[in-house]
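Okay, structure first, notes after.
In the numbering used here, the protein residues as written are 793 to 1415.
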């Protein structure tokens, strides 16, 4: 009896010295990860079984040098990065680098994603602790722990990507990385070069929703990998296959829908047809099956995964079908977002001729100055040394557009008289059906050229009429994928005029895509006759630029190049679209409920402003 007790004592003592079994990333997350309300719609203990496709993705990082995840939104792709981070901090401490598209995202990522994970996990909290001072080892962009640290860097800051040795590089949303980090070159190459000294222990994880097929980094990485797809068994025949959307009658999602009297799309049923037996199965039946990752080819060092919302436990097939129908109704802009963010696939631009002759052949005679279907008018002004070029465009449901007039105002821009004529033009009205008068609800005026100060002064006095000066900002290798159409606004130092910055490349894509629409409906462009300024010269200017793919440092990106000297019509189309994007009117409302511009006299105040001024005077005198 005594001998047995002694043996048991030695067994227990020896167990204290036994090395702990290293948990896989998914096992570690199941044991140690707690989701909080800050970062998840489903707070509580992490459960890999909630979305089984996550297990293989996370665990693959332990055996593969590189892992690529091309994914839609709502599949938990950022959580993969966080779980890998937590697992290494706890079990194999080392230097870890998170790379985001730009440094402006660091604070939000640190506070909303990384820090909540650390604070909610006892094992991580005990190793990293809480930041208590500026000199603390736990800061916004770097968190130290025994044996390593986690640093967060922007892909646009080269010094943060090339200074210290790193073992684990985690790149999030790589399709939004700039082509070049400053002047140093490809940010992915800079970051991964830091892992050279770790050789067999280094790991690279690339995650992103894809954007354009021709230039998508994540798609290129995925193509040069095992190209694995998450496959589920057919509930009828058991054959494994990836879930696809709209592959015709033979395979994919099949749905039924109707449009309500109010115009809302209602999807009543959504099922998936098997690619092998042709039978339909419900969402519950398909998702109940045990899935499996199936590779499309072999690769020695890089494992690649593709997953879309159809397999996600956080999406509903009926909602996916509705999102598709809404996007299809609203045009190519929204359809591209659907393909990228819901299907997790890169958008492939269909080569379709858009030339001056094809567009000129569309010219039609309007029954009224403002045709049926137009809800509001916008304007755009380009400033030349001897003239203003002005275009007025009418907008309807689905951003269908009707060119109203292309007008030139000639004169000496050093004289006030020509500026007054411009103001008179912007104050005029156009007549639509039933004698309704339409006025311009907003206008953008280019501030480039030799009359910048005058443009600022002119627009400042008319900001109350939504007339603003603009400055175009083009993409470069440093800023590719990173400039939104409405990029921000500020006030000029001297004139205090509102200056709006436009990501013109994004705007040009929107305009060009709309020109490719060849049937009336969402995004389609209507043109009136030559008497309204729509001459052959206009259409040459409208098609004066084209998009080309340029390669720098081995990375492809798109840029716009001129094929003709005069491009004012193309610029004005972009500015008009920008006015619409800024004002964001509800174009589905009846025309009677649309804003129709303030009633003004040239250089004067609106009736509302007069009333406010009068009211203010009355109040002051009564006091």
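Glycine included, every Cβ here is placed at the ideal spot set by N, Cα and C.
Option nearest residue 889 by Cα separation, candidates 919, 1137 and 994 | On the chain shown, position 97 is the one that residue 889 refers to. Comparing Cα-Cα distances from residue 889 to each of 919, 1137 and 994, the minimum goes to 994.
Using the Cα positions of residue 1088 and residue 1278, report the straight-line distance between them to the nearest angstrom.
-> The residue you call residue 1088 lines up with position 296 of the chain shown. The residue you call residue 1278 lines up with position 486 of the chain shown. So the alpha carbons of these two residues sit roughly 41 Å apart.
Taking C-alpha atoms, which residue in 1330, 911, 1340 and 1180 lies nearest to residue 1416?
-> This structure cannot settle anything about residue 1416, because the visible part of the chain is limited to 793 through 1415.
Chain-order list of residues whose beta-carbon lies under 8 Å from that of residue 896 (same chain, five-residue window excluded) = If you number the chain shown from 1, residue 896 lands on position 104. Once the five neighbours on either side are set aside, the close Cβ partners of residue 896 are 946.
Buried or exposed: where does residue 1226 fall if 16 or more other Cβ atoms within 10 Å of its Cβ makes it buried?
-> Counting from 1 along the chain shown, the entry for residue 1226 is found at position 434. Per the 10 Å Cβ criterion, exposed.
What's the gap between the Cα of residue 1442 and the Cα of residue 1255?
-> Because the chain in this structure spans residues 793 to 1415, residue 1442 falls outside the shown range and cannot be described.
With C-beta atoms as the reference, is residue 962 less than 8 Å away from residue 891?
-> One-based indexing of the chain shown puts residue 962 at position 170. One-based indexing of the chain shown puts residue 891 at position 99. Yes, the Cβ-Cβ distance between residue 962 and residue 891 is below 8 Å.
Starting from residue 1086, follow its DSSP beta bridges and name the residues at the other end.
-> The residue labelled residue 1086 in the question sits at position 294 within the chain shown. Residue 1086 pairs with 1021.
Is residue 1322 helix, strand or coil when you go by DSSP?
-> Your numbering for residue 1322 matches position 530 in the chain shown. Residue 1322: helix per DSSP, three-state reduction.
Ordered along the chain, which non-local residues of its own chain (more than five positions away) have a Cβ less than 6 Å from that of residue 1377?
-> As a position in the chain shown, residue 1377 is number 585, starting the count at 1. Once the five neighbours on either side are set aside, the close Cβ partners of residue 1377 are 1168.
Could you check what DSSP says for residue 1378 in three-state terms: helix, strand or coil?
-> Here residue 1378 refers to the residue found at position 586 when the chain shown is read from its first residue. If DSSP states are grouped into helix, strand and coil, residue 1378 belongs with coil.
Could you check what DSSP says for residue 1158 in three-state terms: helix, strand or coil?
-> Position 366 of the chain shown, counting from 1, holds the residue named residue 1158. Note: residue 1158 maps to coil in three-state DSSP.
Please classify residue 1288: does DSSP put it in a helix, a strand, or coil?
-> Reading the chain shown from its first residue, position 496 is the one you call residue 1288. Looking at residue 1288 - three-state DSSP - the assignment turns out to be coil, as it is neither helix nor strand.
To which residues does DSSP link residue 1062 through a beta bridge?
-> Start at 1 with the first residue of the chain shown, and residue 1062 comes out as number 270. The partner list for residue 1062 (beta bridge, DSSP) reads 1047.
Cβ shell of residue 1243 (< 7 Å), same chain only, five flanking positions each side left out = Counted from its first residue, the chain shown places residue 1243 at position 451. Cβ within range, chain order: 1175 and 1205.
Confirm, please, whether the CB-CB distance from residue 1156 to residue 1320 is below 8 Å.
-> Residue mapping note: residue 1320 aligns to position 528 of the chain shown, counting from 1. Residue mapping note: residue 1156 aligns to position 364 of the chain shown, counting from 1. A contact, by the Cβ cut-off of 8 Å.
Go through its chain and collect everything with a Cβ distance to residue 974's Cβ below 6 Å, but skip five positions before and after it.
-> Within the chain shown, residue 974 is the residue found at index 182, counting from 1. Contacts found: 950.
Mind pulling the beta strand (DSSP E) runs of 3 or more residues that sit fully within the stretch 1189 to 1257?
-> 1193 to 1202, 1221 to 1223 and 1229 to 1238
Give me the Cα-Cα distance between residue 1228 and residue 1312, rounded to the nearest whole angstrom.
-> As a working note, residue 1228 is residue 436 in the chain shown. As a working note, residue 1312 is residue 520 in the chain shown. Taking the straight line joining both Cα atoms gives about 23 Å.
Would you tell me roughly how many angstroms separate the C-alpha atoms of residue 1394 and residue 1171, rounded to the nearest one?
-> In the chain shown, the residue the question calls residue 1394 occupies position 602. In the chain shown, the residue the question calls residue 1171 occupies position 379. Low local confidence applies: a pLDDT of 46 at residue 1394 is under 50, so the model's placement there is unreliable, and no value is given.
Residues bridged to residue 1000 by DSSP?
-> Sequence index remark: in the chain shown, residue 1000 carries index 208 (1-based). BP columns for residue 1000 point to 862.
Below 8 Å on the Cβ atoms is my guess for residue 1245 versus residue 1288; work out the distance and round it to an integer in Å.
-> By 1-based counting over the chain shown, the position of residue 1245 is 453. By 1-based counting over the chain shown, the position of residue 1288 is 496. Not confirmed; about 12 Å, so no contact.
Pick out the complete beta strand (DSSP E) segments inside the stretch 1112 to 1180, 3 residues or longer, and give them in chain order.
-> 1168 to 1175
Determine, using beta carbons only, whether residue 818 comes closer than 8 Å to chain B.
-> No chain B is part of this structure, which consists of one protein chain only.
Tell whether a beta-carbon distance below 8 Å holds between residue 1297 and residue 1138.
-> Walking along the chain shown from the start, residue 1297 turns up at place 505. Walking along the chain shown from the start, residue 1138 turns up at place 346. Contact: no.
Classification of residue 992 by the beta-carbon crowding that lies within 10 angstroms, buried from 16 upward = Residue mapping note: residue 992 aligns to position 200 of the chain shown, counting from 1. Looking at its Cβ environment, which holds fewer than 16 other Cβ atoms inside 10 Å, residue 992 is exposed.
Look at the Cβ atom of residue 1020, then the Cβ atom of residue 1110, and state whether they are nearer than 8 Å.
-> Start at 1 with the first residue of the chain shown, and residue 1020 comes out as number 228. Start at 1 with the first residue of the chain shown, and residue 1110 comes out as number 318. No; because the gap between Cβ atoms is not below 8 Å, this pair is not in contact.
With residue 1351 as the anchor, note down where its beta strand (DSSP E) starts and where it stops.
-> Your numbering for residue 1351 matches position 559 in the chain shown. Where residue 1351 is concerned, the enclosing beta strand (DSSP E) stretches over 1347 to 1354.
Pick from 985, 968 and 920: whose alpha carbon is nearest that of residue 952?
-> One-based indexing of the chain shown puts residue 952 at position 160. Here the closest residue by C-alpha is 985.
Contact check, residue 1234 vs residue 1190 under 8 Å by CB: the rounded distance?
-> The sequence position of residue 1234 within the chain shown is 442, counting from 1. The sequence position of residue 1190 within the chain shown is 398, counting from 1. About 19 Å; that fails the 8 Å criterion.
Contact set for residue 1107: own chain, Cβ-Cβ below 7 Å, skip 5 residues either direction | Numbered from 1 along the chain shown, position 315 holds the residue referred to as residue 1107. Counting only Cβ-Cβ distances below 7 Å, and skipping sequence neighbours, we find 866 and 1101.
If you run the structure through DSSP and keep just helix, strand and coil, what is residue 979?
-> Here residue 979 refers to the residue found at position 187 of the chain shown. Three-state DSSP puts residue 979 in a helix.
In the DSSP assignment, find the unbroken alpha helix (DSSP H) run with residue 891 in it and report its ends.
-> Looking up residue 891 in the chain shown gives position 99. Element bounds for residue 891: not the alpha helix (DSSP H) but the beta strand (DSSP E), 887 to 892.
Report all residues from its chain with a CB closer than 8 Å to the CB of residue 1105; omit the five preceding and five following residues, and keep chain order.
-> Translated into the one-based positions of the chain shown, residue 1105 becomes position 313. Within the same chain, residue 1105 has close Cβ partners 842, 843 and 1079.
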